[in-house]
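J.: Starting off with a structure, shown below.
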Amino acid sequence: MTATADGRLDPEYDSEPVAVGDRPPTLLGAGRWQPEDTDQLRPAGEAELRPADAREALARATTHLLSLQSSEGWWKGDLETNVTMDAEDLLLRQFLGIRTEEQTRATAEWIRSQQREDGTWATFHGGPPELSTTVEAYVALKLAGDDPNAPHMLAAARYVRSAGGIAAARVFTRIWLALFGWWPWERLPEMPPEIIFLPKWLPLNIYAFGCWARQTIVPLTVVSAHRPVRPAPFQLTELHTDPDHPYPDRPLAPATSWDGLFERLDKALHAYHRRAFRPLRRLAVSQACRWIVERQEADGCWGGIQPPAVYSLIALHLEGYELEHPVMKAGLASFDRFTVHTEDGMRWMEACQSPVWDTCLATIALVDAGVPADHPALVSAVDWMLGEEIRKRGDWSVQRPGLPAGGWAFEFENDTYPDIDDTAEVVLALRRVAHPDQAKVDAAVDRGVLWNLGMQSKNGAWGAFDVDNTSLLPNKLPFCDFGEVVDPPSADVTAHVVEMLAETGRARDPRTRRGIEWLLRNQEADGSWFGRWGTNYIYGTGSVLPALVAAGVPDEHPAIRRAVRWLEDRQNADGGWGEDMRSYDDPERWAGRGDSTASQTAWALMALLAAGEGPEGRPNPSVERGVDWLVRTQLPEGTWDEPQFTGTGFPWDFSINYHLYRLVFPVTALGRYLNGAPTADPDGGAKPSGTPAIGAAR
Numbered sequence: 035m036t037a038t039a040d041g042r043l044d045p046e047y048d049s050e051p052v053a054v055g056d057r058p059p060t061l062l063g064a065g066r067w068q069p070e071d072t073d074q075l076r077p078a079g080e081a082e083l084r085p086a087d088a089r090e091a092l093a094r095a096t097t098h099l100l101s102l103q104s105s106e107g108w109w110k111g112d113l114e115t116n117v118t119m120d121a122e123d124l125l126l127r128q129f130l131g132i133r134t135e136e137q138t139r140a141t142a143e144w145i146r147s148q149q150r151e152d153g154t155w156a157t158f159h160g161g162p163p164e165l166s167t168t169v170e171a172y173v174a175l176k177l178a179g180d181d182p183n184a185p186h187m188l189a190a191a192r193y194v195r196s197a198g199g200i201a202a203a204r205v206f207t208r209i210w211l212a213l214f215g216w217w218p219w220e221r222l223p224e225m226p227p228e229i230i231f232l233p234k235w236l237p238l239n240i241y242a243f244g245c246w247a248r249q250t251i252v253p254l255t256v257v258s259a260h261r262p263v264r265p266a267p268f269q270l271t272e273l274h275t276d277p278d279h280p281y282p283d284r285p286l287a288p289a290t291s292w293d294g295l296f297e298r299l300d301k302a303l304h305a306y307h308r309r310a311f312r313p314l315r316r317l318a319v320s321q322a323c324r325w326i327v328e329r330q331e332a333d334g335c336w337g338g339i340q341p342p343a344v345y346s347l348i349a350l351h352l353e354g355y356e357l358e359h360p361v362m363k364a365g366l367a368s369f370d371r372f373t374v375h376t377e378d379g380m381r382w383m384e385a386c387q388s389p390v391w392d393t394c395l396a397t398i399a400l401v402d403a404g405v406p407a408d409h410p411a412l413v414s415a416v417d418w419m420l421g422e423e424i425r426k427r428g429d430w431s432v433q434r435p436g437l438p439a440g441g442w443a444f445e446f447e448n449d450t451y452p453d454i455d456d457t458a459e460v461v462l463a464l465r466r467v468a469h470p471d472q473a474k475v476d477a478a479v480d481r482g483v484l485w486n487l488g489m490q491s492k493n494g495a496w497g498a499f500d501v502d503n504t505s506l507l508p509n510k511l512p513f514c515d516f517g518e519v520v521d522p523p524s525a526d527v528t529a530h531v532v533e534m535l536a537e538t539g540r541a542r543d544p545r546t547r548r549g550i551e552w553l554l555r556n557q558e559a560d561g562s563w564f565g566r567w568g569t570n571y572i573y574g575t576g577s578v579l580p581a582l583v584a585a586g587v588p589d590e591h592p593a594i595r596r597a598v599r600w601l602e603d604r605q606n607a608d609g610g611w612g613e614d615m616r617s618y619d620d621p622e623r624w625a626g627r628g629d630s631t632a633s634q635t636a637w638a639l640m641a642l643l644a645a646g647e648g649p650e651g652r653p654n655p656s657v658e659r660g661v662d663w664l665v666r667t668q669l670p671e672g673t674w675d676e677p678q679f680t681g682t683g684f685p686w687d688f689s690i691n692y693h694l695y696r697l698v699f700p701v702t703a704l705g706r707y708l709n710g711a712p713t714a715d716p717d718g719g720a721k722p723s724g725t726p727a728i729g730a731a732r
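Here is the structure:
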């Protein structure tokens, strides 16, 4: 078990392991559990799935999931990304002069543990070498004292040079290097702080960017205005393809192209930097810093994510904020809460934390598994979620000034940026629990539904954080060469909202119908849906099918039949489903293809069950084989092994391993297989159909 610095438990799923062959407990109700007198689990390799196998697997998983709940009512799994988080943490501390030997040692051990045999680092498990990640990891290890002539360092440097050297790394990596003089500021794209003055109706104003991008760009404009350089503790000549010419010129794209236009605009902005009207520049920097400080969250972080936090601290420090200033102290303290300490003494950083998301998904899973709706664990979860509702206006109100507040964010603290996806899933979770203060729950649900309806984009779909955040221009900026910087509507978020609206009695609402129409229009030619926030087409399809059926689309609809055929076609020979992150970069080869994982197998099963496939509908061998795979691969303690990354931050560029996904989604899938999928009732409630108890006979 690992723990964050403030004592929050981060599940690694090793609590109270159950011995192989032991009978898992069965739910009796009101929190009482006892072993069920059934046969032991079927040995791996036996051909036929028995009903008792799935029941026992579900009971084991449910018991384990309940054991991971905090005393405050929430669940939170580790959120694993890549070692750039850890490298940048050391570089930030070096820049501020607060790096300690112990932090450096523990972080360096983690970074070394993630290096691959070829000397490189990837951005997801099993992925290809990634240049910028390898550069940052190498610099961090050199900062920790690793000998550049050591075999692991030589191998890393050799790859960096073969991939084009530092000059080929992304802009954000070169910004970190510029802070120490390892790359010239003059050879970075310019982003002036005066952008803060652009009105929202002009292109490239800060609200044209997605919320995560604007929170990062605003502080970086301040950093860019200062162009600071701290003394470099060593040189990096070994990472240049030609140390005598480390800064190669890049030819400009044709002036008639978007790239060419913005490259020439960047040259003009560099010229402006040298001749900026000083009073205006000072006012812009001051306004940007005020914008930053106003958006600091209660826990000291910004937006609940790493990039805005590190750049905000650098920007404010450059503007004279001492390390003892309350804003700086709170910001630095927030990183302690993002720190995971392993049992063997290593240290790594979460890019974000997901307690609201994990808690609503766990709540849905447990009810679908047959845990009584009034179980104390579920009531406690609802109490905590109710306390996390955001009643203040955030940046979303720039586009929706008249919309009343009422939604949920992803993190412990992120009141500025509630998101549509979390709000939809929290509402679904709240509706499943029998809470003693139902009026309070209903009021929160109504506010969440109203807020989500108000955040519908004009095309009928929903993005994650903002309305109509669809400009094509921000992604064209030379500054924005890493990940998505806008927040257009996506199939997975839209599906979750449609499902929520259907299960709150609004399936026939014209706004719901517009969402359904958008989903049907945006189905891929092969029958799948693209997954923006999960990997990838399996996630999108696993989100959309339950939503369409909940909203009244018949399971005989051609779109649903195409999706079912696509899922059947993508099932692996072992019975599971999996999809590699490379499907974002090469969908023709990788869409729906990859090693079987518990979370992706569960998504496929949830889609097929919703579409009428399986025990309560059409007999379907794919469903039985998928359930069989979950049963056979379950670990003794009740969870599943899943080193693969199945969550998405930025498609292809930033991948996530949500450590709770491997548990909550199989619990949901097995619960719906055994108890029936949840159905919407005329009064807007959602309740699982079929048998309500885990241990009861089907």
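Heads up, the sequence shown is in my numbering, so the first residue is 35 and it goes up one at a time.
Backbone N, C-alpha and C define an ideal beta-carbon position, used for all residues, glycine too.
Quick caveat: nothing in here was measured; it's all calculated off a predicted structure.
(1) Assign P712 to one of two classes, buried (16 or more other C-beta atoms within 10 Å of its C-beta) or exposed (fewer than that).
(2) Alpha carbon to alpha carbon, how far is R84 from E650?
(3) Tell me whether F268 is buried or exposed, calling it buried when 16 or more other Cβ atoms sit within 10 Å of its Cβ.
(4) Buried or exposed: where does T60 fall if 16 or more other Cβ atoms within 10 Å of its Cβ makes it buried?
(5) Please state if the CB of D123 and the CB of F369 are separated by a distance shorter than 9 Å.
(6) Quick one: grab the DSSP three-state call for D589.
(7) Using the Cα positions of A384 and K110, report the straight-line distance between them to the nearest angstrom.
(8) By the three-class DSSP mapping on this structure, what secondary structure does P712 have?
(9) F206: buried (16+ other C-beta within 10 angstroms of its C-beta) or exposed?
(10) Roughly how many angstroms lie between the CA atoms of D502 and R248, to the nearest whole one?
(11) What are the start and end residues of the beta strand (DSSP E) that includes V374?
(12) For A201, which option in Q557, Y281, L130 and L357 has the closest C-alpha, if you only look at C-alpha atoms?
(13) Under the rule that 16 or more other beta-carbon atoms within 10 Å means buried, what is N183, buried or exposed?
(14) Write down the C-beta distance between L639 and V661 rounded to the nearest angstrom, noting that I regard them as a contact closer than 8 Å.
(15) Between the C-alpha atoms of L125 and V405, what's the straight-line distance to the nearest angstrom?
(16) Report the rounded CA-to-CA distance for D560 versus V256, giving the unit in angstroms.
(17) Go ahead and pull the three-state DSSP assignment for L62.
(18) If L395 sits next to V698, beta carbons under 8 Å apart, how far is it from one beta carbon to the other, in whole angstroms?
(19) Check the DSSP bridge columns for I690 and list the partner residues they point to.
(20) To the nearest angstrom, report how far apart Y355 and A468 are at their CA atoms.
(21) Run through the DSSP bridge pairs and tell me what N606 is partnered with.
(22) CA-CA distance, G440 and F499?
(23) Which same chain residues, not among the five before or five after D333, have their C-beta less than 7 Å away from its C-beta?
(24) Please determine, among V252, L303, H274 and A266, the residue with the shortest C-alpha to C-alpha distance to I326.
(25) Go to M119, then tell me how far its beta strand (DSSP E) extends in each direction, as first and last residue.
(26) Measuring CA to CA, which of V578, Q557 and Q433 is closest to L233?
(27) Quick one: residues in its chain with C-beta nearer than 6 Å to the C-beta of W624, no 5 flanking neighbours on either side, listed in chain order?
(28) Does F311 pass the burial test, meaning 16 or more other C-beta atoms within 10 Å, or should it be called exposed?
(29) Reducing DSSP to helix, strand and coil, say where L412 ends up.
(30) Cutting at 6 Å between CB atoms, please list the residues of its own chain near A318, excluding the five before and the five after it.
(31) Considering only residues of the same chain and omitting the five flanking positions on each side of W637, which have a CB-CB separation below 7 Å?
(32) Can you name the start and end residues of the beta strand (DSSP E) that R381 belongs to?
(33) Which of helix, strand or coil does DSSP assign to L236?
(34) Please check the pair P522 and F296, which I expect to be a contact at CB under 8 Å, by giving their CB distance rounded to whole angstroms.
(35) When you compare only the Cα positions, how much space is there between L188 and V169?
T.: According to the data block:
(1) Residue mapping note: residue 712 aligns to position 678 of the sequence shown, counting from 1. By the 10 Å Cβ count, P712 comes out buried.
(2) Within the sequence shown, numbered from 1, the residue matching residue 84 stands at position 50. Within the sequence shown, numbered from 1, the residue matching residue 650 stands at position 616. Roughly 16 Å separates the two Cα atoms.
(3) For the purposes of this step, residue 268 is taken as the residue at position 234 of the sequence shown. Burial state of F268 is exposed, judged by a 10 Å Cβ sphere holding fewer than 16 other Cβ atoms.
(4) Along the sequence shown, read from residue 1 onward, the residue named residue 60 stands at position 26. Below a pLDDT of 50, predicted positions are generally treated as unreliable, and T60, at 35, falls in that range; the measurement from the model is reported next regardless. Buried: at least 16 other Cβ atoms inside 10 Å.
(5) On the sequence shown, position 335 is the one that residue 369 refers to. On the sequence shown, position 89 is the one that residue 123 refers to. Cβ distance < 9 Å, so F369 and D123 count as in contact.
(6) Mapped onto the sequence shown, residue 589 falls at position 555. DSSP places D589 in coil when its eight states are reduced to three.
(7) Locating residue 384 in the sequence shown gives position 350, where the first residue counts as 1. Locating residue 110 in the sequence shown gives position 76, where the first residue counts as 1. In the sequence on display, residue 384 carries Glu and not Ala. Their backbone Cα atoms lie some 12 Å apart in a straight line.
(8) The sequence position of residue 712 within the sequence shown is 678, counting from 1. Shown here, P712 sits in a strand according to DSSP, grouped into three states.
(9) In the sequence shown, the residue the question calls residue 206 occupies position 172. That one is buried.
(10) Walking along the sequence shown from the start, residue 502 turns up at place 468. Walking along the sequence shown from the start, residue 248 turns up at place 214. Spanning the two alpha carbons is a distance of roughly 15 Å.
(11) Taking the first residue of the sequence shown as 1, we reach residue 374 at position 340. Note, V374: beta strand (DSSP E), T373 to H375.
(12) Translated into the one-based positions of the sequence shown, residue 201 becomes position 167. The residue with the shortest Cα to Cα distance from A201 is Y281.
(13) Locating residue 183 in the sequence shown gives position 149, where the first residue counts as 1. By the neighbour-count rule (16 or more Cβ atoms within 10 Å), N183 is not buried but exposed.
(14) Taking the sequence shown and counting its residues from 1, the one referred to as residue 639 is at position 605. Taking the sequence shown and counting its residues from 1, the one referred to as residue 661 is at position 627. Cβ-Cβ separation between L639 and V661: approximately 7 Å, consistent with a contact (criterion under 8 Å).
(15) Walking along the sequence shown from the start, residue 125 turns up at place 91. Walking along the sequence shown from the start, residue 405 turns up at place 371. About 47 Å.
(16) On the sequence shown, residue 560 is found 526 positions in, with the first residue counted as 1. On the sequence shown, residue 256 is found 222 positions in, with the first residue counted as 1. Rounded to whole angstroms, D560 and V256 show a C-alpha spacing of 46 Å.
(17) Translated into the one-based positions of the sequence shown, residue 62 becomes position 28. For L62, the pLDDT reaches just 30, beneath the cut-off of 50, and the residue's location in the model is therefore unreliable, although a value from the coordinates is still provided. Here DSSP, grouped into helix, strand and coil, assigns L62 to strand.
(18) Start at 1 with the first residue of the sequence shown, and residue 395 comes out as number 361. Start at 1 with the first residue of the sequence shown, and residue 698 comes out as number 664. About 5 Å separates the beta carbons of L395 and V698, which is inside the 8 Å limit, making them a contact pair.
(19) For the purposes of this step, residue 690 is identified with residue 656 of the sequence shown, where counting begins at 1. In the DSSP assignment, I690 forms a beta bridge with G681.
(20) Mapped onto the sequence shown, residue 355 falls at position 321. Mapped onto the sequence shown, residue 468 falls at position 434. For Y355 and A468, the distance between alpha carbons rounds to 49 Å.
(21) On the sequence shown, residue 606 is found 572 positions in, with the first residue counted as 1. In the DSSP assignment, N606 is bridged to no other residue.
(22) Against the sequence shown, residue 440 aligns to sequence position 406. Against the sequence shown, residue 499 aligns to sequence position 465. Computed Cα separation, rounded: 13 Å.
(23) Along the sequence shown, read from residue 1 onward, the residue named residue 333 stands at position 299. Within the same chain, D333 has close Cβ partners S368, R371, F446 and E447.
(24) The residue given as residue 326 occupies position 292 in the sequence shown. Check the Cα spacing between I326 and each of V252, L303, H274 and A266: the tightest is with V252.
(25) Along the sequence shown, one-based indexing puts residue 119 at 85. Element bounds for M119: not the beta strand (DSSP E) but the alpha helix (DSSP H), T118 to L130.
(26) Numbered from its first residue, the sequence shown carries residue 233 at position 199. The sequence shown places Pro at residue 233, rather than the Leu named in the question. Of the candidates V578, Q557 and Q433, the one whose C-alpha sits nearest the C-alpha of P233 is Q433.
(27) Stepping through the sequence shown from its first residue, residue 624 is reached at position 590. So the qualifying residues of the chain are D614, R616 and S617.
(28) For the purposes of this step, residue 311 is taken as residue 277 along the sequence shown, with counting starting at 1. With fewer than 16 Cβ atoms within 10 Å of its Cβ, F311 is classed as exposed.
(29) By 1-based counting over the sequence shown, the position of residue 412 is 378. Collapsing the DSSP output to three states places L412 in a helix.
(30) The residue you call residue 318 lines up with position 284 of the sequence shown. Beyond the five residues adjoining it in sequence on each side, A318 comes within less than 6 Å, by CB distance, of P227, E228 and I230 in the same chain, given in chain order.
(31) Counting from one through the sequence shown, the residue named residue 637 turns up at place 603. Cβ neighbours of W637 beyond the five flanking positions: I572, Y573, G576 and F699.
(32) Translated into the one-based positions of the sequence shown, residue 381 becomes position 347. Taken as a continuous stretch (DSSP letters only), the beta strand (DSSP E) holding R381 covers R381 to M383.
(33) Counting from 1 along the sequence shown, the entry for residue 236 is found at position 202. Here L236 sits in coil by DSSP.
(34) Counting from one through the sequence shown, the residue named residue 522 turns up at place 488. Counting from one through the sequence shown, the residue named residue 296 turns up at place 262. Contact between P522 and F296 does not hold, since their C-beta atoms are separated by about 20 Å, which reaches or exceeds 8 Å.
(35) The sequence position of residue 188 within the sequence shown is 154, counting from 1. The sequence position of residue 169 within the sequence shown is 135, counting from 1. When rounded, the distance between both Cα atoms is 12 Å.
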